[in-house]
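In what follows, a single structure is set out as structure tokens and then discussed.
Protein chains: 2
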Amino acid sequence: MGGSLPVSPLAPESFPKLPVIKGVTFATAASGVKYKDRDDVMLAVLQPGTAVAGVFTTSKTRAAPVLDCQAKLGEPSDQGAAILVNSGNANAFTGHYGQASVEEITAAVSQATHVPQNRVFTSSTGVIGEPLPHDKITAQLEALAQAQSPFGIEAAAGAIMTTDTFAKGAEATVEIAGKTVSIAGIAKGSGMIAPDMATMLVYIFTDAAYDQFALQDMLARLTDKTFNSITVDSDTSTSDSLLVAATGAAGVDATDNESFERALHVVMKKLAHQVVRDGEGATKFVEIRVTGAVSDAEAKVHGMSVANSPLVKTAIAGEDPNWGRVVMAIGKSGAEADRDLLSISFGEVLVAEKGWVSDNYREELGAAEMKKAEILISIDLGLGSGTSTVWTCDLTHQYISINADYRS
Amino acid sequence: MGGSLPVSPLAPESFPKLPVIKGVTFATAASGVKYKDRDDVMLAVLQPGTAVAGVFTTSKTRAAPVLDCQAKLGEPSDQGAAILVNSGNANAFTGHYGQASVEEITAAVSQATHVPQNRVFTSSTGVIGEPLPHDKITAQLEALAQAQSPFGIEAAAGAIMTTDTFAKGAEATVEIAGKTVSIAGIAKGSGMIAPDMATMLVYIFTDAAYDQFALQDMLARLTDKTFNSITVDSDTSTSDSLLVAATGAAGVDATDNESFERALHVVMKKLAHQVVRDGEGATKFVEIRVTGAVSDAEAKVHGMSVANSPLVKTAIAGEDPNWGRVVMAIGKSGAEADRDLLSISFGEVLVAEKGWVSDNYREELGAAEMKKAEILISIDLGLGSGTSTVWTCDLTHQYISINADYRS
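In structure tokens:
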């Protein structure tokens, strides 16, 4: 639970300075749903005309707020939007109570903000299977509406944390047609992280205008290369949600602008990396680059098989350059591989080539790479031109300690 | 490495008394491939007419001995067969040296035993990526051939161990047409265990006669319900091999006999369970029974998703009745599920029904079930008649200790 765990050794030095996004305001409050003496609710209010796009967990046991958000994505944007997030209780596997809580909360947000209820998006993260005491949240709504400020995004990043050990944020600015548009995003997530997305909540805001349907398309494309390319423990939560809101307040339409897409990609990748860096118990940040696969999709299957292998992840925790376990993980992935064409490098060190340990490889060279906090594993399959890069962390005693004791 | 770890708390009290199987003899030796002062090679010699069937890892990076065994399965049985197994070095990812070592060993076994080389099956288990010093093994072959004894099966079970903390064996006898036929099996395996089979080596012998093709069919069928229904860590080795040899020395043909198939199923299930009981760091033996799925295959997908979930496995290690994580694992499996039809029990305790915590459930009841060394998790999906049972163990600090330090 945020605060009780030491900050990840892989955390950035500080929360980044995020630009003010015109057209969106924030406020946070301490509702006492579960945590004491900390903010656990955030409300963001978006101006009329804001386009909202979203991607969500593919879990078959999706939580009520996720189902509600998905149903609202296509609604018209002319009367603004609001996003309310609480931490401490996921309102997941709560039967008909779950939907009733979502109804109560979204109705109260609508009343306090004058945003129509069909544009009020909510997320809940925390304990599964306990009814959400939504009265504690609705009791804060008038205050949250009153306190709205354009400068509240960092506090919002803190309010949505659960087992996170640091608040996560990223930003970018782009020049379009002589005007500057800004992007600022926040995220939470540290365990139960895998495609498709796991216990992650991500909210990204831009003051560019963007066609709502085109925004949804771009988001799906970029999610595949960012949040769906990370894994901490292969587990996927019932609540993952990523919303992007384009307010249009900067007076520039960024629809289909390549620079804007690149900038959003960077923001999403930075946030995804921060989630991995806060992986429960993580001491190593690991990038796995797969090349030479039959297709990009098959490259990703191999990459994720390596990234999710407990034996690879414990070897990294032990700083053991155990490339045999990488071979094992490639072999079991189900995607195409030929043992005798396979090459593996740790950092710049070529470890194995053509199905056999490299002539120049010495154990000390691999061991030196494994001592680093950031580890690169490159795998070339020698079969085709498919590539993929995925990110993960190591599997340590601290992961066991957190998850054998914490009731999530 | 066998011997240096404490014996699993889930181990049987002692190695079972295995019946003598007429038509097969055994011997073991200490070749010094890797381990000091212990037997690390076993040779079994089978009489002419012995039918041999096998199933193997589906890894795309299969080791040389596996490829060699697979190629030999269909060969005629009239001149007998031999099985040679070494521990300490897996002869995997060893390039062209790998096949050369298999050639040297099988030729030497053939010379020492007068079994044709195309009926000499070998397996190797241990370190990946280091050339097998096969001379150390071939140097033992004359002695191994001389020392053959019908009573050597328990010593053989010991010689094939790597990180195993106890030797594994199981037996059954069946009456067919007024005669008794016997089945005796041995196995090794403790980590890198998942479908399809992982670092497991299994050898089962019977003195029944059995048609070689029918034996292969039955073996595939029974493997799906036994060795391919267990998982320790979701990782799959490059070397898994299961051979069944039917010598026919009892003078009874068991082909298509249902009692025999049931008895072989029992032996395979007992050996598979012993592998889980020796799962690296295991303190709990977990049975997951899935019912009400759309099909048996989908039931198994759900069962394996729960059995492989690090969050479920750490909750069990922590004796936490965290049924929310079971819901999560069902949701992410990819197989059909309806949150609001789902029921979950721990032992006899109904925890959740119809998408919501059960009215009679109290945390103490679930917690009491979790304190047991053997845990049953029952999941009913409420969708159809598909069922599956799978077995796993918990994920503990000891798993991390073993795998962050041991170079496998």
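Residue numbers (my numbering), protein chains in the order written: chain U, 486 to 893; chain X, 486 to 893. Think of the CB as a built atom: it goes at the ideal place given N, C-alpha and C, for glycine as much as any other residue.
Look up Ala837 (chain U) in the DSSP assignment and say whether it is helix, strand or coil. strand
Check distances from the C-beta atoms of the region 852–882 of chain U to those of chain X and list, in chain order, the residues that come in under 8 Å. Leu880, Thr881 and His882
Can Val875 (chain U) and Ala792 (chain U) be called in contact, C-beta distance under 8 Å? yes
Specify, as a first and last residue, the run of the beta strand (DSSP E) that Val666 (chain U) falls within. Lys664 to Lys673
Go through its chain and collect everything with a Cβ distance to Ala705 (chain U)'s Cβ below 7 Å, but skip five positions before and after it. Val540
Assuming Gly614 (chain U) and Val842 (chain X) form a contact by the criterion Cβ under 8 Å, report the distance between their Cβ atoms to the nearest whole angstrom. 6 Å
Residues bridged to Ser572 (chain U) by DSSP? U:Thr610
Might you give, ordered along the chain, the residues of its own chain that have their beta carbon closer than 8 Å to the beta carbon of Lys785 (chain U), omitting 5 neighbours on each side? Ser714, Val775, Ser873 and Val875
Cutting at 7 Å between CB atoms, please list the residues of its own chain near Met646 (chain X), excluding the five before and the five after it. Gly487, Ser572, Ala652 and Lys673
Collapsed DSSP secondary structure at Leu866 (chain U) in the structure displayed: coil
Only counting runs of 3 or more residues, tell me where the beta strand (DSSP E) segments fall wholly within the region 728–788 of chain U, in order along the chain. 770–778
May I ask you to report which of helix, strand or coil DSSP gives Ile815 (chain U)? helix
Could you tell me the boundaries of the alpha helix (DSSP H) in which Leu827 (chain X) lies? Counting along the chain, Leu827 (chain X) falls outside any alpha helix (DSSP H), and DSSP gives it neither H nor E.
Do we get a CB-CB distance below 8 Å when we pair Leu796 (chain U) with the residues of chain X? yes
Under 8 Å between C-beta atoms, does His888 (chain U) make it to chain X? As written in the sequence, residue 888 (chain U) is Asn, which differs from the His given in the question. Chain X contact via Cβ: present.
Going by Cα to Cα distance, which pick from U:Glu833, U:Val751, U:Arg523 and U:His581 is closest to Ile860 (chain U)? U:Glu833
Do you know offhand how far Leu866 (chain U)'s Cα is from Thr607 (chain X)'s? 28 Å
Rounded to whole angstroms, what is the Cα-Cα separation between Arg847 (chain X) and Ser794 (chain U)? 36 Å
Please classify Val857 (chain U) as buried or exposed, where buried requires at least 16 neighbouring CB atoms within 10 angstroms. In the sequence as displayed, the identity of residue 857 (chain U) is Lys instead of Val. Its Cβ having fewer than 16 others within 10 Å, Lys857 (chain U) is exposed.
Thr513 (chain U) and Ala593 (chain U) closer than 8 Å at C-beta: no
By the criterion of Cβ-Cβ separation under 8 Å, what are the contact partners of Ser828 (chain U) in chain X? Those within 8 Å of Ser828 (chain U) in chain X number zero; the least Cβ separation is about 12 Å.
Alpha carbon of Ile568 (chain X) to alpha carbon of Arg604 (chain X), nearest angstrom: 9 Å
Proximal residues of chain U, C-beta to C-beta of Thr579 (chain X) below 9 Å: Gly840, Trp841 and Val842
Would you mind stating whether Gly733 (chain X) and Gly508 (chain X) have Cβ atoms separated by less than 8 Å? yes
By the three-class DSSP mapping on this structure, what secondary structure does Ala679 (chain X) have? Note that Ala679 (chain X) scores a pLDDT of 47, beneath 50, so its modelled location is shaky; the value from the coordinates is reported in the next line. Looking at Ala679 (chain X) - three-state DSSP - the assignment turns out to be coil, as it is neither helix nor strand.
Run of the alpha helix (DSSP H) containing Ser595 (chain U), from where it starts to where it stops: Gly580 to Thr598
Evaluate the contact criterion for the region 760–773 of chain U versus the region 880–890 of chain U: three or more CB pairs, one atom per stretch, below 8 Å. yes
Along chain X, which residues have their Cβ under 9 Å away from the Cβ of Thr776 (chain U)? Within chain X, no residue comes near Thr776 (chain U); the closest Cβ sits about 17 Å away, beyond 9 Å.
Any beta-carbon of chain X closer than 8 Å to the one on Ala782 (chain U)? no
Distance check for Ala757 (chain U) and Thr740 (chain U), CA to CA, integer angstroms please. 23 Å
Reduced DSSP category for Phe698 (chain U) - H, G, I as helix; E, B as strand; rest coil: helix
I want to see whether chain U comes within less than 8 Å of Asp702 (chain X), judged by CB atoms only; does it? no
Within-8 Å CB hit, Asp825 (chain U) to chain X: yes
Neighbour flag for Ala822 (chain U) against chain X, beta carbons, 8 Å: yes
In whole angstroms, give me the CA-to-CA distance for Ala731 (chain U) and Thr691 (chain U). 5 Å
Select from U:Gly736, U:Val779, U:Phe698 and U:Ser830 the residue whose C-alpha is nearest the C-alpha of Val771 (chain U). U:Ser830
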